[in-house]
Amino acid sequence: ELKVEQNPLFLSMQEGKNYTIYCNYSTTSDRLYWYRQDPGKSLESLFVLLSNGAVKQEGRLMASLDTKARLSTLHITAAVHDLSATYFCAVDAGTASKLTFGTGTRLQVTL
Amino acid sequence: DAGVIQSPRHEVTEMGQEVTLRCKPISGHNSLFWYRQTMMRGLELLIYFNNNVPIDDSGMPEDRFSAKMPNASFSTLKIQPSEPRDSAVYFCASSLQSPYEQYFGPGTRLTVT
């Protein structure tokens with residue numbers, strides 16, 4: 600059974616600081632997805648990583664995938680308050696479109 | 054595109070009543086997923102369909118839960134009878150065959166009293 604672990608589960612950081620969220624998964628996969636969820640809202644797709652070494656960037660967020668290490672990272676550069684949300688990674692379970700989600704990382708950016 | 058549409062957005066019902074949640078996927082998408090999210094259990098996949106056919110319903114908690122997809126543009130999740138522990142936010146998502154990126158609807162917040 601595919602297991603997806605994120606750490607940390609909760610992250611409080613000051614504006615302007617950098618930090619990384621980690622997503623580890625237990626079986627071979629070369630498709631990984633990052634989502635954002637604001638409180639009381641739905642999940643919004645951020646990044647789709649489809650191969651080893653894939654790197655995607657959008658604003659202050661950068662995601663990467665190392666399929667050999669079974670690891671994806673979401674790097675936050677110079678955090679701003681608007682980035683406060685819960686971030687989920689999800690891994691293709693190898694079964695025709697089914698995704699397994701991590702537990703989420705709740706990010707709080709303080710002024 | 055209007056995105057994934059779910060109705061109702063909020064539902065409050067009494068224990069024992071039947072609840073039906075509805076979902077319209079993005080046009081052209083051929084996979085549809087039902088999830089449940091709670092603070093305690095996080096995001097759980099309940100069931101998913103490919104080309105209107107249920108593929109994996111192992112996440113459906115009990116026989117009280119059932120889901121149908123009669124055509125490519127409509128799906129329902131029914132709970133009968135409902136119980137307080139069913140209170141949660143239920144999301145519907147849809148995706149194309151590849152790259153399998155799932156697009157989520159706004160969710161239905163269900164409260165069973």
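Line order of the protein sequences matches chains Z and P.
Read in order, the letters of the first sequence correspond to residues 600 to 710 in this note's numbering.
Read in order, the letters of the second sequence correspond to residues 54 to 166 in this note's numbering.
Here a beta-carbon is modelled for each residue, glycine too, at the ideal position from N, C-alpha and C.
Computed from a prediction, not measured in an experiment: that's the story for all the values here.
Interface residues of chain Z facing residue i [CB-CB closer than 8 Å]
| i | result |
| --- | --- |
| P:GLY81 | Near P:GLY81 there are no residues of chain Z at all, since even the closest Cβ is about 14 Å away, more than 8 Å. |
Distance, residue j Cα to residue i Cα
| i | j | result |
| --- | --- | --- |
| P:LYS77 | P:THR129 | 9 Å |
| P:GLY56 | P:GLY158 | 7 Å |
| Z:LEU608 | P:GLU136 | 30 Å |
| P:GLN155 | P:GLY69 | 32 Å |
| P:PHE153 | P:THR66 | The displayed chain sequence assigns Tyr, not Phe, to residue 153 of chain P. About 34 Å. |
| P:LYS121 | Z:SER611 | 42 Å |
| Z:PRO638 | P:MET92 | 12 Å |
| P:LEU74 | P:ILE132 | 9 Å |
| P:GLU64 | P:THR164 | 6 Å |
| Z:THR676 | Z:ALA653 | 18 Å |
| P:ILE160 | Z:GLU614 | In the sequence under discussion, the amino acid at residue 160 of chain P is Gly, which differs from the Ile named in the question. Distance between the alpha carbons of P:GLY160 and Z:GLU614: 31 Å. |
| P:ARG138 | P:MET113 | 14 Å |
| P:LEU149 | Z:ARG669 | 24 Å |
| P:ILE100 | Z:LEU660 | 31 Å |
| Z:TYR618 | P:PRO134 | 46 Å |
| Z:GLY658 | Z:THR702 | 24 Å |
| P:SER147 | Z:LYS616 | 35 Å |
| P:SER119 | P:TYR143 | 13 Å |
| P:TRP87 | P:GLU71 | 18 Å |
| Z:VAL708 | Z:TYR686 | 13 Å |
Residues that residue i contacts on chain P, provided the C-beta gap is smaller than 9 Å
| i | result |
| --- | --- |
| Z:SER644 | GLU154, GLN155, TYR156, PHE157 |
| Z:THR702 | GLY95, LEU96 |
| Z:LYS697 | SER84, PHE86, LEU98, TYR101, ILE108, ASP109, TYR153 |
For residue i, the three-state DSSP class (helix, strand or coil)
| i | result |
| --- | --- |
| Z:LEU608 | coil |
| P:PRO78 | coil |
| P:GLN134 | What sits at residue 134 of chain P in the sequence shown is Pro, not Gln. Reduced to three states, the DSSP call for P:PRO134 is coil. |
| Z:ASP629 | coil |
| Z:LEU682 | helix |
| Z:ASP637 | coil |
| P:ASP116 | coil |
| P:ASP110 | coil |
8 Å Cβ cut-off: residues of chain P touching residue i
| i | result |
| --- | --- |
| Z:ASP691 | TYR153 |
| Z:SER641 | PHE144, PHE157, GLY158, PRO159, GLY160 |
Cβ distance (whole Å) where residue i is taken to contact residue j below 8 Å
| i | j | result |
| --- | --- | --- |
| P:ASN103 | P:ASN124 | Not really, about 14 Å apart at Cβ, beyond 8 Å. |
| P:GLN90 | P:LEU96 | 5 Å |
| Z:LEU706 | Z:SER683 | 6 Å |
| Z:LEU673 | Z:TYR632 | The pair is not a contact, with the Cβ atoms about 11 Å apart (cut-off 8 Å). |
| Z:ALA662 | Z:SER671 | 6 Å |
| Z:GLU643 | Z:ARG635 | 5 Å |
| P:ARG62 | P:ARG162 | 7 Å |
Closer than 8 Å to chain C by CB, residue i
| i | result |
| --- | --- |
| P:GLU71 | In the structure shown, chain C does not exist; the protein chains are Z and P. |
Query raised in the report: Looking at C-beta atoms only, is the number of pairs between the segment 677-694 of chain Z and the segment 619-636 of chain Z that lie closer than 8 Å three or more?
Result: yes
Cβ contact (3+ pairs, closer than 8 Å) linking the segment 643-651 of chain Z and the segment 600-618 of chain Z:
no
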